[in-house]
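Notes follow once the structure below has been shown.
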Amino acid sequence: MDVKRHSQSEDASSALAGTRSRQTSARVSDDVLLDAARECVLAVGVRRTTLAEIARTAHVSRMTVYRRFPDVRSVLAALMTREFSGLLKQANHAGDEAVHVRDRLVRIASAAVTALSADPLFRTLLDVDPELVLPYIVERLGATQNFAEQVLRHLLESGHQDGSIRQAEVVTQARSILLVVQSFAFSLRPATADVDEQALLAEFRHVLDASLRP
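Dropping the structure here:
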């Protein structure tokens, strides 16, 4: 009888603990975990960042992290998408005073290059773990690149409508601009070792504007 009651008590305690754990996990937002992951990456790089370290930095259990992300790769992928997509969204404000859509696209692209090349996470990735960037240059497009391309397509379509952008197949036009933009974003720091950054960005804007002019 006592054994049965003891067993039932243990089961109840276990269920309560599980419920509390799930509630604790639910109270921790993804942003808290991604902020912790960002801190870890800035400190030790991508390859040396672990789920355990992310959990310690976020002051949560490892199980809390595991419930949101199956492995460290998925955490880091979500972090990169949030970070770089966020920068691109902020760059969108650079086009607020544009005189037409072509001008808006050029301003946004220039702001995006500047923001990405100066971003601490982006710089750490290139400085500490550059080999992780290579697949997104030679193998496939990532989520951030796809997001950027969607923005470019929308701008190109609008520019075709207002007559400020040369008529062309939108998908091809957007992909071409994406390749130019990411080249400058990846290489701006080394490229400005002996060339004035603002002068180079002015030339970048001229290249884009000239290629899109009707």
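Residues 0 to 213 in numbering that gives the first Met the number 0 are what the sequence shown lists, from first letter to last.
The beta carbon of each residue, even a glycine, is placed where N, CA and C say it ideally should be.
As the structure is a computational prediction, the values presented were derived from the model and not from experiment.
Neighbour-count burial assignment, residue 158, 16 or more Cβ in a 10 Å radius: Locating residue 158 in the sequence shown gives position 159, counting from the first residue. Classification of residue 158: buried, given that the 10 Å Cβ count is 16 or more.
Residue 170 - containing alpha helix (DSSP H), residue span: Here the question's residue 170 lines up with position 171 in the sequence shown. Unbroken alpha helix (DSSP H) run through residue 170: 169 to 190.
CB contact flag (residue 63, residue 40, <8 Å): Residue mapping note: residue 63 aligns to position 64 of the sequence shown, counting from 1. Residue mapping note: residue 40 aligns to position 41 of the sequence shown, counting from 1. The answer is no: Cβ separation not under 8 Å.
Span of the alpha helix (DSSP H) around residue 57: Residue mapping note: residue 57 aligns to position 58 of the sequence shown, counting from 1. Here the alpha helix (DSSP H) through residue 57 covers 50 to 57.
Reduced DSSP secondary structure (H/G/I, E/B, other) of residue 119: On the sequence shown, residue 119 is found 120 positions in, with the first residue counted as 1. The answer is helix: DSSP assigns residue 119 an H, G or I state.
Alpha carbon of residue 81 to alpha carbon of residue 173, nearest angstrom: As a first step, residue 81 must be located in the sequence shown, where it is residue number 82. As a first step, residue 173 must be located in the sequence shown, where it is residue number 174. When rounded, the distance between both Cα atoms is 22 Å.
Coil, strand or helix - residue 97 by DSSP: Position 98 of the sequence shown holds residue 97. Here residue 97 sits in coil by DSSP.
Burial state of residue 133 (16 or more Cβ within 10 Å): Working through the sequence shown from its first residue, we reach residue 133 at position 134. Classification of residue 133: exposed, given that the 10 Å Cβ count is below 16.
CB of residue 33 within 8 Å of CB of residue 78, strictly: Sequence index remark: in the sequence shown, residue 33 carries index 34 (1-based). Sequence index remark: in the sequence shown, residue 78 carries index 79 (1-based). In this structure, residue 78 lies closer than 8 Å to residue 33 by Cβ.
Inter-residue spacing [alpha-carbon to alpha-carbon] between residue 136 and residue 116: If you number the sequence shown from 1, residue 136 lands on position 137. If you number the sequence shown from 1, residue 116 lands on position 117. Rounded to the nearest angstrom, the two C-alpha atoms are 16 Å apart.
Three-way DSSP call (helix, strand, coil) for residue 38 in this model: Locating residue 38 in the sequence shown gives position 39, counting from the first residue. Of the three classes helix, strand and coil, the one that applies to residue 38 here is helix, per DSSP.
C-beta atoms of residue 93 and residue 106 nearer than 8 Å: To locate residue 93, count along the sequence shown from 1; it is residue 94. To locate residue 106, count along the sequence shown from 1; it is residue 107. Going by C-beta atoms, residue 93 is nearer than 8 Å to residue 106.
Unbroken alpha helix (DSSP H) run spanning residue 85, endpoints: Position 86 of the sequence shown, counted from the first residue, corresponds to residue 85. Start and end: 71 to 90.
Endpoints, the alpha helix (DSSP H) within which residue 200 is located: Here the question's residue 200 lines up with position 201 in the sequence shown. 196 to 211 is the extent of the alpha helix (DSSP H) around residue 200.
Nonlocal neighbours in the same chain, by C-beta distance under 6 Å from residue 209, ignoring five residues either side: In the sequence shown, the residue the question calls residue 209 occupies position 210. Within the same chain, residue 209 has no close Cβ partners at all.
Contact under 8 Å by Cβ, residue 100 with residue 164: Here the question's residue 100 lines up with position 101 in the sequence shown. Here the question's residue 164 lines up with position 165 in the sequence shown. Yes. Within cutoff.
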